[in-house]
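Under our numbering, the residues of the sequence shown are numbered 681 to 846, in order.
A virtual CB, placed ideally from N, CA and C, is assigned to each residue, including glycine.
Treat the numbers as computed from the prediction; the structure is a model and nothing was measured.
Report on one structure; see the data block that follows.
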Amino acid sequence: MTINRRALLAALAVAPLLLSPARAHEYRAGELLIDHPWARPTAPAQKVGAGYLTIRNQGGEADRLVAARTPLVPMVELHTHEIDAQGVARMRQIEAIDVPAGTTVELMPGGLHLMLMGLAEPLREGTRFPVTLTFERAGEVEVEMQVEPPAAGGHGHGHGEHGSGG
Ligand SMILES: [Cu+2]
Numbered sequence: 681m682t683i684n685r686r687a688l689l690a691a692l693a694v695a696p697l698l699l700s701p702a703r704a705h706e707y708r709a710g711e712l713l714i715d716h717p718w719a720r721p722t723a724p725a726q727k728v729g730a731g732y733l734t735i736r737n738q739g740g741e742a743d744r745l746v747a748a749r750t751p752l753v754p755m756v757e758l759h760t761h762e763i764d765a766q767g768v769a770r771m772r773q774i775e776a777i778d779v780p781a782g783t784t785v786e787l788m789p790g791g792l793h794l795m796l797m798g799l800a801e802p803l804r805e806g807t808r809f810p811v812t813l814t815f816e817r818a819g820e821v822e823v824e825m826q827v828e829p830p831a832a833g834g835h836g837h838g839h840g841e842h843g844s845g846g
């Protein structure tokens, strides 16, 4: 009687992926590590919210974030900020967020973000809500977005992501 070593090794390799990552605020999708998903609290009248997270591509292949969804709103758009001809920062919807191999892409205030369109209720500080991210290569991964003010965002500002308006 022989033990099917290949099957055993395959099972062992898969096992860590089946463990819930809920304790740490970090999620894995294939070679991608999703770190610290968070969203700004919103005012009662506000119909849109903004979500942020960090994507680390630890693999050798480029990937792209192509969609996101949450039960909270009818639609989530991928947005970036651009400086227009008048030097004013404006948001623009984009098709996808590229995550080249071996790089880290940070969604943050003033830059790339997830735009939650059509909030029925405000995002309240201290709450969490699920967001499903769809990557072209890594597929879908569900993360929990923590609602917290930007100051607690951890990554801070000063990354010089402001285009040169001048
Ligand atoms: Cu936006």
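Distance, residue j Cα to residue i Cα
i	j	result
glycine 798	leucine 752	8 Å
leucine 794	valine 823	13 Å
methionine 788	proline 802	20 Å
valine 805	arginine 772	Before going on, a small fix: residue 805 reads as glutamate here, not valine. Approximately 26 Å, taken between the alpha carbons.
histidine 716	arginine 808	12 Å
leucine 712	leucine 813	11 Å
proline 830	alanine 719	8 Å
aspartate 743	glycine 819	10 Å
valine 821	valine 768	34 Å
proline 810	glutamate 762	28 Å
phenylalanine 815	histidine 705	19 Å
glutamate 841	glycine 790	Only weak support exists for where glutamate 841 lies, its pLDDT of 36 falling under 50; the value from the coordinates is given anyway. Answer to the nearest angstrom: the Cα atoms are 7 Å apart.
Local Cβ density within 10 Å of residue i, reported as buried at 16 or more and exposed below that
i	result
glycine 846	In this predicted model, glycine 846 has a pLDDT of only 31, less than 50, meaning its place in the structure is not dependable enough to derive any value.
proline 724	exposed
alanine 709	buried
glycine 740	exposed
arginine 770	exposed
valine 827	buried
methionine 825	buried
alanine 765	exposed
glycine 729	buried
Test: residue i CB closer than 8 Å to a CB of chain C
i	result
proline 724	Looking for chain C here will not work: only one protein chain is present.
Nearest to residue i (by Cα), restricted to the options the options
i	options	result
alanine 652	Ile774, Ile763, Gly791 and His705	The first residue shown for the chain is 681 and the last is 846, placing residue 652 beyond what the model contains.
isoleucine 777	Val746, Val756, Ala765 and Val821	Val746
leucine 792	Gln738, Ile714, Tyr707 and Leu758	Leu758
methionine 755	Tyr707, Leu796 and Ala800	Leu796
Residue i beta carbon near ligand 2 (any heavy atom closer than 7 Å)
i	result
methionine 795	You won't find ligand 2 in this model; what it holds is ligand 1.
Kindly confirm or deny that the stretch 728–740 and the stretch 781–797 touch, where touching means at least three C-beta pairs closer than 8 Å. yes
Output the residue ranges of the beta strand (DSSP E) runs that lie fully inside the stretch 718–802 and measure 3 residues or longer, sorted by chain position. 728–737, 743–749, 755–763, 769–773, 777–779, 784–786 and 793–797
Give the list of continuous alpha helix (DSSP H) stretches no shorter than 4 residues that lie fully inside the stretch 808–832. none
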